[in-house]
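Numbering (the working numbering), first residue to last: 1 to 305.
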């Protein structure tokens, strides 16, 4: 069962080794920035468009994002309540609370996509993409930003949130695919296959970038991190699983969705923590711990469905 994840683990390990050795004098931050731009602006939108164009889309286009949204909102509510209570007990600063709430609440599509593809093949991409792009991305760029602002004491207008969303090329890929399907615009199969072959470069890039971001030396705050791991990897996906069953999502689609919903904390949370002056080191440590735990237990989520 774990053999399918071996390429993911080895690619992530390669990223971590690069971070430690920095071959050719290229520091990990520079490499990560360049690869992120390629992934974000080119490979990911092409792959998303091609996969969604080829997929048969039905009620899951609504059901999967709804289940995903419930999973995320559950993570937010539980983590806010828990870390507020803990903050009163041990004088945990708002900046640290905010980082832990962000890390507990949202999933990492960059990890979920390659893991779902490894476990389910190409069909795993559709479910993971629907969850990530129609639930996680909109909510992290609205709710996630608002959480970061709340714990930092800052402010941002609704117009600012809208502009952030419109600047996301992966969402352009979703919009283009949905428009083409709605207008019954046929894209030649050869072009779609070429786009998928091209866009699949995004999968190892995502995993390599995650390896570059691992910060294992920051795991000393294990007492603060473990509740975030439980919320992110157990409580939130179980809530989404319950809603998915109530909505009648196909068993195979639901298994993919649960694996995606249980993914590690998102890398974009580091950007939010940095921008709004939360505790970036604590967030990075939580991301690293949730990531390692997720990779270890991801195949087991299939047994829950």
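From the three backbone atoms N, C-alpha and C, an ideal C-beta is built for every residue, glycine too.
Quick caveat, the model's predicted, so the values are computed rather than measured.
Collapsed DSSP secondary structure at residue i in the structure displayed
i           : result
residue 276 : coil
residue 93  : coil
residue 167 : coil
residue 114 : helix
residue 200 : coil
residue 227 : helix
residue 259 : helix
residue 183 : coil
residue 144 : helix
residue 106 : coil
residue 214 : coil
residue 220 : coil
Residue interval of the alpha helix (DSSP H) (run including residue i)
i           : result
residue 36  : 28-38
residue 24  : Note, residue 24: premise wrong, no alpha helix (DSSP H); not H, not E.
residue 308 : Absent from the model: residue 308. The displayed extent of the chain is 1 to 305, so no value can be given.
residue 266 : Taken as a continuous stretch (DSSP letters only), residue 266 belongs to no alpha helix (DSSP H), as it is neither H nor E.
residue 235 : Element bounds for residue 235: n/a, residue is neither H nor E.
Distance between residue j and residue i (C-alpha atoms, nearest Å)
i           : j           : result
residue 111 : residue 130 : 14 Å
residue 76  : residue 255 : 23 Å
residue 184 : residue 87  : 54 Å
residue 55  : residue 126 : 7 Å
residue 132 : residue 14  : 25 Å
residue 277 : residue 194 : 42 Å
residue 249 : residue 24  : 49 Å
residue 18  : residue 94  : 34 Å
residue 113 : residue 128 : 6 Å
residue 38  : residue 144 : 24 Å
residue 203 : residue 212 : 15 Å
residue 121 : residue 68  : 21 Å
residue 89  : residue 166 : 41 Å
Pair within 9 Å by beta-carbon distance, residue i and residue j
i           : j           : result
residue 180 : residue 187 : yes
residue 146 : residue 106 : no
residue 280 : residue 99  : yes
residue 170 : residue 40  : yes
residue 70  : residue 228 : no
residue 237 : residue 258 : yes
residue 135 : residue 64  : yes
residue 289 : residue 262 : no
residue 285 : residue 225 : yes
residue 293 : residue 264 : yes
Supposed close pair residue i, residue j - CB separation, criterion 8 Å
i           : j           : result
residue 172 : residue 45  : 6 Å
residue 32  : residue 209 : 6 Å
residue 8   : residue 118 : 6 Å
residue 299 : residue 108 : Rounded, the Cβ-Cβ distance is 17 Å, inconsistent with contact.
residue 304 : residue 66  : At roughly 18 Å, the Cβ-Cβ gap does not stay under 8 Å, so residue 304 and residue 66 are not in contact.
Distance cut-off 8 Å: residue i Cβ against heavy atoms of the ligand ZN
i          : result
residue 53 : With respect to small molecules bound, the structure shown includes none, and the ligand ZN cannot be examined in it.
Any C-beta of chain B under 9 Å from that of residue i
i          : result
residue 15 : Chain labels in this structure do not include chain B; a single protein chain is all it has.
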